[in-house]
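Chains as they are written, first to last, in the working numbering: chain G, 1 to 302; chain B, 1 to 273; chain F, 1 to 271. Note that beta-carbon positions come from the ideal geometry of N, C-alpha and C, so glycine has one too.
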Amino acid sequence: MIVLRYVFEPGFFASGPVHIALAVGAVVAVTSAVVGLFTVMRGQSFAGHSLADIATTGGSGAFLVGVNQFWGYLAFGAGAAAFMEMIGVQRRRGRDVATGVVLGAALGLAALFLYLGTQYSSTTGASFAILFGSIFVITSSTVPVLIASALLALATVVALGRVLLLSSLSPDIAAARGVPVRAVGAAFLMALATSVALSAMIIGAVLSTALLIGPAATALRVTKGPVRAAAVAAGIGVAATWLGILLAYDSFYWPPAGRGWPVSFFVVTLIVGGYLVSYLRRRDRGKVAPTEPDREHACSVA
Amino acid sequence: MFSGLMLNTWIAATAVAVIAGVTGFFAVLRGSTFAAHAIPNGAFAGAAGASLLGLNPFAGLAVFSLAGALGIAGLSRRARSDVATALTFVMMLGIGALFVSWSTEYAQEAYSLLFGEVFGVSTGEVLPILALGAASVAAIVVMFRPLMLSSALPEMAAARGVSARRMELAFLLVMALATSMTVPVVGALLMFSLMIGPAAAARSLTARPARAMFLSVAIALVTVWAGIALSYQSNWPLGFFVGVLGAVFFLAGRAYAATRRRLHLDRTARGAA
Amino acid sequence: MTGELLRLDRVGVRLGGREILRDVSFTIRPGEFTGLIGPNGAGKTTLLRVILGLQDVTQGSVLIDGAPRAPRDASIGYVPQKLGIEPDMPLRVRDVVSLGIDGHKFGIRLPSRARRERVDEMLTAVGAEGYADARVGELSGGEQQRVMIAHALIGRPRLLLLDEPLANLDISSEQGIVSVLARLAPAEGIAVLLSAHDMNPLMPVMDRIIYVAAGRAAVGTTDEVVRPEVLSRLYGQHVDVIRVHGRVLVVAAPEGAVDPALRDEDASVVG
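Shown next as structure tokens:
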């Protein structure tokens, strides 16, 4: 149909990079959404954000060393997660500043790595790709690794699902029932770090939080039970990612630059837009707003 | 290092440090670290968009950051603040990424707006930076007492007719204005370090507000000057030095405070014995 | 030792240099309803945590069915004082109760009709069927208590511990909770240990009382324990016991100076 030709620019379905983008994008979106759901539920959004900043450093470092940035995202993210676990949980307000300042140093390091990297390599736009994503240039050799990591993280979170729910409900009940609460928390942080690394491949390290938090936050506003929330979050994530890929492909000849608008821009806008739309729906059903900005809960690292 | 070209940089950076020190002091006092993180990203988007249009960037820059500040204030009141922060943060970065992608030098542009650019300050830019910096500092000086009161003792301030919400808004707007000027020099991602690191360090060193604010400015100045000097010598990015020095001063301040507390405890213990 | 579900022998707990509990001994037999009464900060929560295995003892022993507690002991149910949840947590009431069956197990489980029926039954038993699909974070205190009781009971424990379930509830909610427990526990032969700082709502249903004050405990029936001599020895200062219309009030006597002589006497009465 002619309409379809306007929606899907020619070559969309035939393009190799698009296939890869759609496949990897879908798997990563689902993983991020589900992991993100648990992240928001456990009040660990700030941890997710911190891991994203540290992943930036990792990706830049990988670039400097000449390795695929995914390994950098993953290695630094996992390392940071392990460190967070070691220094223990329960962050309160005073610690925000400490974490923030340390993250600032990590970003400073990222700046250095990117600078040095661009000195020694001839690839243009590497900084942009690391910061804002490079979904169309994922090589086919990395695809199996990405998909395997995503499935591993997803499987971990699904297998731990009930235990995570119980621990969020009451860590004491969980511990009394024999749940190894700390080990479970550590495993979750690893899954989170992996998720962040994967999202970073799609929409960049700096923006990866969007795929993690956005769909989950929206799902929490419109559904109730855990399984349904996970399904809705995954659906939103995949929809935003696929639509973002499509729009980015279509935008190739759009003004002003004639080289396409970034995928990450579309994905982030769709996700944030979806979240705002959910506000229109539930306006009369009682807001979730606390009377005072809920910073204490908001900024716990674990 | 002190040639004519660099002079602009020194002046601009000094203004930046003063602004950062002053606003950072209040940001730390009010616990507005998330705003300090998110607002510079509005400036990033604004700067990217404005430079794209080739206009004098500051108008667009200021508008965007102000819009961002209002957005944050509005959204965080209705949504869970952690979610609101994260989403506003990424939205503005996303828009900034879009604008940057439209420019011809997009990689370099993105980099310098996020991580800072030492050599990019032209004479035409110094004056607006100084002017707006002076305006922000003046605004803070004028608001100093009600702002202090509502930051430290919000209920008491409210009883005296100082609305917490209005102060919050005013403060966010000043922060937006201030950071919009400073982002082209220090970079959006590192502005946070310059605001929070020195201010938090100052707080560890003294409890008296006026002294803490001056100390905060002083440490920010040292950070920026050292950063520029080191950046000039090594060619390494300014953002790197700002981030690392910010962290170093912060940790040093904490260490100092911890040792002083322990000495004090020892002294009182010994005194009691 | 036969017939004893839970036995604490001279248990002492020391935390952060402070002695929270000292020389606490009591037993609980199957089906007994015991009140753990005492003022705030007396050590009730610590005692419950000791039984649950969440807190180590510095002295003494805790035996369940005559043996030390195994790590995955499903025979003790727990209703904590506070839940760590946000209003928008994606858990409905029925999800919470369902977690009581196997929330501690790893892996996926598929929904089954039998499970759903079991959950519905339990919801009806505690009177929560009216809000079974509501988010647990949006419930009132009393409603949450019922849900958590259902959560604990569905795991078929033999002993149910409740930490201050009646605190912050209005009187009718209080009575509701007590009557739910009084109805369900004996029906299944479940022993109950419930902590509270006011013993009055529990008077009609308590078999025995463990009165905790200043880290020590007096154990027995209400008549044996709630007496000025016994409680004065426990508190280490003179207290009066006032009975009005079947209710009990424990108040410090006007000249209440801490009397060290009273404290050192052995205050435990095991009935």
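- With contacts defined as CB atoms closer than 8 Å, A176(G) and S167(G) fail to qualify as a contacting pair.
- Fewer than three pairs of CB atoms, one per stretch, sit closer than 8 Å, so the segment 32-43 of chain G makes no contact with the segment 269-278 of chain G.
- For F33(F), the three-state secondary structure derived from DSSP is strand.
- Membership of R94(F) in the alpha helix (DSSP H) is indicated by the continuous run V93 to D102.
- Spatial neighbours of A126(G) in its own chain (CB-CB distance under 8 Å, excluding positions within 5 residues in sequence) are listed in chain order as F63, L114, G117 and T118.
- In this chain, the beta strand (DSSP E) harbouring E19(F) covers R18 to I28.
- Between the segment 134-150 of chain G and the segment 14-33 of chain G, the count of C-beta pairs closer than 8 Å reaches three or more; the two stretches touch.
- DSSP assignment within the segment 13-43 of chain B yields no whole beta strand (DSSP E) run of 3 residues or more.
- Under the three-state reduction of DSSP output, V11(F) falls in the strand class.
- Residue environment analysis places I210(F) among the buried positions, since at least 16 neighbouring C-beta atoms fall within 10 angstroms of its C-beta.
- A residue is called buried once 16 or more other Cβ atoms fall within 10 Å of its Cβ, and Y111(B) is buried on that count.
- For V239(F), the CB contacts under 7 Å within the same chain, skipping 5 residues up- and downstream, are P228, L231, S232, V250, V251, A252 and A253 in chain order.
- DSSP places A218(F) within a strand segment (E or B) once states are collapsed to three.
- Every alpha helix (DSSP H) of 4 residues or more that sits fully in the segment 35-108 of chain G is shown, in chain order, as 45-65 and 69-86.
- Between V35(G) and V157(G), the alpha-carbon positions lie close to 7 Å from each other.
- The C-beta of V158(G) comes closer than 8 Å to at least one C-beta of chain F.
- Excluding five sequence positions before and after E164(F), the CB atoms of its chain that fall closer than 8 Å to its own CB belong to K44, T45, Q81, S195, A196 and H197, given in chain order.
- Against chain B, the beta carbon of Y73(G) has no neighbour under 9 Å; the closest one sits roughly 17 Å away.
- Chain order gives the chain F residues near V163(G) as G103, H104, K105 and F106, where near means a beta carbon separation below 8 Å.
- For Y78(F), the neighbours in chain G by C-beta distance under 9 Å run, in chain order, S170, D172, I173, A176 and R177.
- The residue from S32(B), I11(B) and G24(B) with its alpha-carbon nearest to that of A202(B) is G24(B).
- The alpha helix (DSSP H) runs lying completely inside the segment 65-139 of chain B and spanning 4 residues or more are 81-102 and 106-115, given in chain order.
- Boundaries of the alpha helix (DSSP H) harbouring G237(G): P226 to D250, taken from the DSSP string.
- The beta carbon of E109(B) is closer than 8 Å to those of A48, S51, V100 and S103 in its chain, skipping five residues each way along the sequence.
- Two segments are said to touch when three or more pairs of C-beta atoms, one from each, lie closer than 8 Å; by this definition the segment 130-138 of chain F touches the segment 82-90 of chain F.
- Excluding its 5 nearest sequence neighbours in each direction, A170(B) has C-beta neighbours in its own chain below 7 Å: M143, listed in chain order.
- When Cβ-Cβ separations below 8 Å define contact, G36(G) makes no contact with chain F.
- With a cutoff of 8 Å on beta-carbon distance, G239(B) and F115(B) are scored as near each other.
- One finds P90, L91 and D95 in chain F with Cβ atoms closer than 8 Å to the Cβ of P226(G), taken in chain order.
- Looking only at G260(G), A75(G), S195(G) and A216(G), the smallest Cα-Cα distance to A229(G) is reached by A216(G).
- By the neighbour-count criterion, in which a residue is buried when 16 or more other Cβ atoms sit within 10 angstroms of its Cβ, W254(G) is exposed.
- Taken through DSSP and simplified to helix, strand or coil, Q145(F) comes out as helix.
- When secondary structure is reduced to three states using DSSP, A210(G) falls in the helix class.
- Within 10 angstroms of the beta-carbon of D223(F) lie fewer than 16 other beta-carbons, which makes it exposed.
- Beta bridge pairing from DSSP links G77(F) with L160(F).
- For L166(G), a Cβ of chain F is located within less than 8 Å of the residue's own Cβ.
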